[in-house]
Each structure stands twice: as structure tokens, then as C-alpha cells.
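Participant: Residue numbers (this note's numbering): 3 to 351. First the structure, then my questions, so here it is.
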Amino acid sequence: MAFSAMISTGHSARGAEFRNATKGEEILIEVKHLTKQYGDHIAVDDLSFTIEKGRIYGFLGPNGAGKSTTMNIITGCLAATSGSITIDGHDIYQEPAAAKRCIGFLPELPPVYQDMTPKEYLRFVGEVKGVSKADLPAAVQKAMEQTGIVEMQDRLIRHLSKGYRQRVGIAQAIIGDPEIIILDEPTVGLDPLQIIEVRDLIRDLGKEHTVILSSHILSEVSAVCDHILIIAHGKLVAADTPENLSKMLQASNVLHLNVMGTEEAVRAALGAIEGVQSLELKPGEQGSFDVELSSDESLDLREAVFAACAKANLPLLNMQLEQISLEDVFRQLTSDDAPETEKKEEHAE
3 MAFSAMISTG
13 HSARGAEFRN
23 ATKGEEILIE
33 VKHLTKQYGD
43 HIAVDDLSFT
53 IEKGRIYGFL
63 GPNGAGKSTT
73 MNIITGCLAA
83 TSGSITIDGH
93 DIYQEPAAAK
103 RCIGFLPELP
113 PVYQDMTPKE
123 YLRFVGEVKG
133 VSKADLPAAV
143 QKAMEQTGIV
153 EMQDRLIRHL
163 SKGYRQRVGI
173 AQAIIGDPEI
183 IILDEPTVGL
193 DPLQIIEVRD
203 LIRDLGKEHT
213 VILSSHILSE
223 VSAVCDHILI
233 IAHGKLVAAD
243 TPENLSKMLQ
253 ASNVLHLNVM
263 GTEEAVRAAL
273 GAIEGVQSLE
283 LKPGEQGSFD
293 VELSSDESLD
303 LREAVFAACA
313 KANLPLLNMQ
323 LEQISLEDVF
333 RQLTSDDAPE
343 TEKKEEHAE
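Written as C-alpha cells, this is what we have:
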């Protein structure tokens with residue numbers, strides 16, 4: 003793939019606002035019925051979603067689920083079989099130059115030139131993107147400062163650590179100040195310290211840009227993203243905040259308690275609380291009982307439990323609300339995924 007096709011052309015240009023008629027929030031990317039097919043294999047299957055301004059999105063899915071294919075189509079690096087994509091009001095096929103000006107893209111393998119210094123490379127990228135000669139020095143300096151590579155600006159890229167090369171890749175994505183930053187697996191191959199540094203950088207970018215982070219690493223998405231899109235077999239299976247995704251799959255609230263008192267007294271006090279669906283007791287330590295109490299997902303009984311125990315003179319030693327983790331959500335929504343069947347997509351990407 004040509005380098006100029008990988009990076010968005012031109013510096014940032016804002017199209018007319020494209021708003022969600024129901025929520026009144028600005029939509030920067032709208033994907034409708036996107037499909038990508040390689041022979042008999044469907045890598046992306048009728049995918050539809052929107053990206054709103056000012057959020058950090060996590061595009062989450064198992065290896066081979068269709069994430070990189072989708073990212074490459076959105077950025078104009080790969081043609082779709084069918085469907086439409088609008089970037090800040092510009093159709094990616096009908097107005098490709100205007101659409102790409104809104105996007106900064108870091109592919110999974112950063113397109114850096116090893117024999118250039120970061121400063122030389124970023125000047126080259128800025129020229130390809132159409133940043134004016136007058137604005138180019140300031141744009142390069144800003145990108146280097148944002149990504150923390152100022153001290154490395156005159157070293158050859160081939161002599162930089164993988165972490166710094168990744169920072170250079172991110173710098174090329176943000177040069178020209180695009181509205182949308184798309185990062186495909188930005189921490190792959192980094193050591194733990196480098197991963198933390200790149201995550202901090204992504205959080206900082208999210209203060210000024212809308213960021214889409216593609217990853218199959220749950221901890222990465224939960225650490226930096228405030229909205230999650232989960233894809234499996236090329237289909238979108240969920241889209242919401244991490245908290246709402248957990249609530250969506252949690253049929254009931256479960257409280258784990260440790261209460262001092264007799265079994266009869268504990269059952270009588272807690273069983274009388276309105277909304278309790280089930281109550282299980284087992285002996286705990288030093289005359290206490292471990293209690294599992296469930297209620298409808300819309301009810302939070304913690305205050306009522308505390309009041310009931312206080313009224314019955316039952317010391318409440320511990321109370322903890324059980325919640326579904328992002329790992330549980332991911333496992334439930336992608337349990338039928340079979341990454342070994344997706345090798346054709348990985349090869350194509």
C-alpha cells in the first residue's frame with residue numbers, strides 16, 4: 003500500500019456539522035451497512051455504528067474479528083464491498099480528500115521511514131498532508147511535544163526504541179490537528195512501561211480529539227476508553243459505555259453480605275426487604291453468616307439492607323455489590339467467535 007494512502011491527506015478541515023436528530027449530539031463518523039468480502043469469506047458483515055465528538059472509543063474484538071479491516075475502510079485505505087461511510091459530513095467515496103483531512107491514522111505497523119529522523123519524517127508527513135510551508139514548523143513542533151519525542155527529534159528512527167517509534171507513528175497521525183485520531187493496536191509489542199506511557203498519551207489526545215482505539219486487549223480498552231464497540235465475526239454485537247454493557251448483561255443485582263446474628267434473625271430481617279428475589283445463607287466466621295442476596299437489576303438495596311440490619315440489631319460486617327466485569331461482558335458477547343477461521347482476513351489485511 004502506498005504511504006500516501008495510509009496517512010490522511012491535508013491538514014484538519016472541519017465539514018458542516020452532522021448531528022444525530024434524536025440526541026442532538028454531533029456525529030463525526032457514520033457507518034451504514036458496511037460489508038467487506040474476500041471470495042466466500044465475509045470479514046465485515048453489515049456493520050453499522052456512529053462515532054460522536056469528544057469521546058475515546060474502544061473498538062474491541064478477538065483477533066481476526068474484523069477490526070483492522072473496518073479501520074482501513076474508514077480511513078480510505080481499503081475499499082468496501084458495500085455500505086457507506088460519512089466522515090464529518092463527507093462521504094469517504096464521493097469526497098475522499100475532504101473526508102481524509104478529518105482523520106489521523108496509525109496503522110498496526112507504523113509507516114515510519116527508518117533512515118529519517120523524527121523531525122525530517124514529520125516534515126515529510128506534513129507536506130504530504132498539505133500543511134502549508136508557513137504552518138509546517140509549528141505543526142511539527144506541536145506533534146513532537148504532544149508525543150514526547152522532542153529530545154529524539156534528530157536521531158535516526160531506526161536507532162529509536164519500539165516505544166519511541168510508536169510515538170513517532172502517533173505523531174504522524176496527529177500532525178495537522180485532525181478532528182479524529184484512529185489508532186489500530188497502538189501498544190502491540192511494547193513493554194509494560196511503554197504501554198503505560200502510550201495509554202497516558204491517548205488519554206491526553208482525547209482531551210482535544212475524538213479517538214478510536216482498536217484493540218483485542220481488554221485491560222487497554224477499559225483503561226482509556228469511555229465508550230466501547232464490540233465486534234465478533236465482523237458484526238457489531240454491542241455498543242455502549244463499559245458500565246452500561248455490564249448492566250445490560252446482568253439480570254439481577256447481587257449483594258454479598260457478612261452479618262452477625264442467628265440464622266432466623268438474619269433471614270427475617272433481610273427477607274422482609276421489598277424487592278428481594280432470593281436469599282442464601284451459609285455459616286461464616288465467629289458466629290456470622292455469609293449472605294448472598296439478589297434483587298432486580300434496577301434496584302439498589304444497599305441502603306435498605308443497612309437499615310434492616312440496624313433495626314434488628316444485626317451487626318453488618320461487610321457488604322459488596324457483585325458486578326459483571328468487562329472481561330465477563332466480552333466473553334459472553336464473543337463466546338461463539340472462532341479466531342482460527344478468520345486467518346484469511348488477517349492475511350488480507
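The C-beta atom is built at its ideal place from N, Cα and C for all residues, glycine as well.
Taking just the CA atoms, how far does I172 sit from M146?
Facilitator: For the purposes of this step, residue 146 is taken as the residue at position 144 of the sequence shown. For the purposes of this step, residue 172 is taken as the residue at position 170 of the sequence shown. Roughly 10 Å separates the two Cα atoms.
Participant: Determine which residues share a DSSP beta bridge with D292 and list them.
Facilitator: Counting from 1 along the sequence shown, the entry for residue 292 is found at position 290. Answer is N260 and K284, bridged to D292.
Participant: Skipping 5 residues on each side, what residues in its chain have a beta carbon closer than 8 Å to that of V114?
Facilitator: Residue 114 sits at position 112 when you count from the first residue of the sequence shown. Result list for V114: Y123, I159, R167, V170, G171 and Q174, in chain order.
Participant: Measure the CB-CB distance between A67 and K38 and report whether it falls below 7 Å.
Facilitator: If you number the sequence shown from 1, residue 67 lands on position 65. If you number the sequence shown from 1, residue 38 lands on position 36. Their beta carbons are not under 7 Å apart, which means A67 does not touch K38 by this criterion.
Participant: If you draw a straight line from the alpha carbon of L316 to that of S280, how long is it in whole angstroms?
Facilitator: For the purposes of this step, residue 316 is taken as residue 314 along the sequence shown, with counting starting at 1. For the purposes of this step, residue 280 is taken as residue 278 along the sequence shown, with counting starting at 1. Approximately 19 Å between the Cα atoms of the pair.
Participant: Using a threshold of 7 Å, state whether the C-beta atoms of C352 and I105 are closer than that.
Facilitator: For the chain, the structure presents residues 3 to 351; residue 352 sits outside this window and is missing.
Participant: To the nearest angstrom, how far is the alpha carbon of E222 from that of R269?
Facilitator: Reading the sequence shown from its first residue, position 220 is the one you call residue 222. Reading the sequence shown from its first residue, position 267 is the one you call residue 269. Those two C-alpha atoms are separated by around 43 Å.
Participant: Between the region 232–240 and the region 46–60, are three or more C-beta pairs nearer than 8 Å?
Facilitator: yes
Participant: Determine the contact status of H218 and P64, defining contact as a CB-CB distance below 7 Å.
Facilitator: Residue numbering aside, residue 218 sits at position 216 when the sequence shown is read from its first letter. Residue numbering aside, residue 64 sits at position 62 when the sequence shown is read from its first letter. Yes. Within cutoff.
Participant: CB-CB under 6 Å to G286, same chain, minus the five flanking residues each way: which ones, in chain order?
Facilitator: Numbered from its first residue, the sequence shown carries residue 286 at position 284. Answer for G286: N260 and D292, listed in chain order.
Participant: Please report the residue range of the alpha helix (DSSP H) in which Q196 lies.
Facilitator: Locating residue 196 in the sequence shown gives position 194, where the first residue counts as 1. Per DSSP, Q196 belongs to the alpha helix (DSSP H) from P194 to L207.
Participant: Identify whether L106 lies in helix, strand or coil by the three-state DSSP scheme.
Facilitator: Taking the first residue of the sequence shown as 1, we reach residue 106 at position 104. The sequence given here has Gly at residue 106, not Leu. DSSP places G106 in strand when its eight states are reduced to three.
Participant: How about G85 and K34: do their beta carbons lie closer than 7 Å?
Facilitator: Here the question's residue 85 lines up with position 83 in the sequence shown. Here the question's residue 34 lines up with position 32 in the sequence shown. Yes, they are a contact pair.
Participant: In terms of residue numbering, what span does the beta strand (DSSP E) encompassing E54 cover?
Facilitator: As a first step, residue 54 is located in the sequence shown; it is residue number 52 there, counting from the start. Per DSSP, E54 belongs to the beta strand (DSSP E) from H43 to E54.
Participant: Could you check which residue in P139, D48, G236 and R201 has the C-alpha nearest to that of S70?
Facilitator: Numbered from its first residue, the sequence shown carries residue 70 at position 68. When only C-alpha atoms are compared, the closest one is G236.
Participant: With distance defined between alpha-carbon atoms, name the residue in G289, L283, S290 and G277 nearest to E305.
Facilitator: The count along the sequence shown starts at 1 and reaches residue 305 at position 303. Taking only the C-alpha atoms, the option nearest E305 is G277.
Participant: Taking the beta carbon of H161 as the centre, do at least 16 other beta carbons fall within 10 Å, making it buried, or is it exposed?
Facilitator: Stepping through the sequence shown from its first residue, residue 161 is reached at position 159. Looking at its Cβ environment, which holds fewer than 16 other Cβ atoms inside 10 Å, H161 is exposed.
Participant: Using alpha carbons as the reference points, say which of T189, S290 and L207 lies closest to L220.
Facilitator: For the purposes of this step, residue 220 is identified with residue 218 of the sequence shown, where counting begins at 1. Of the listed residues, the one whose Cα sits closest to L220 is T189.
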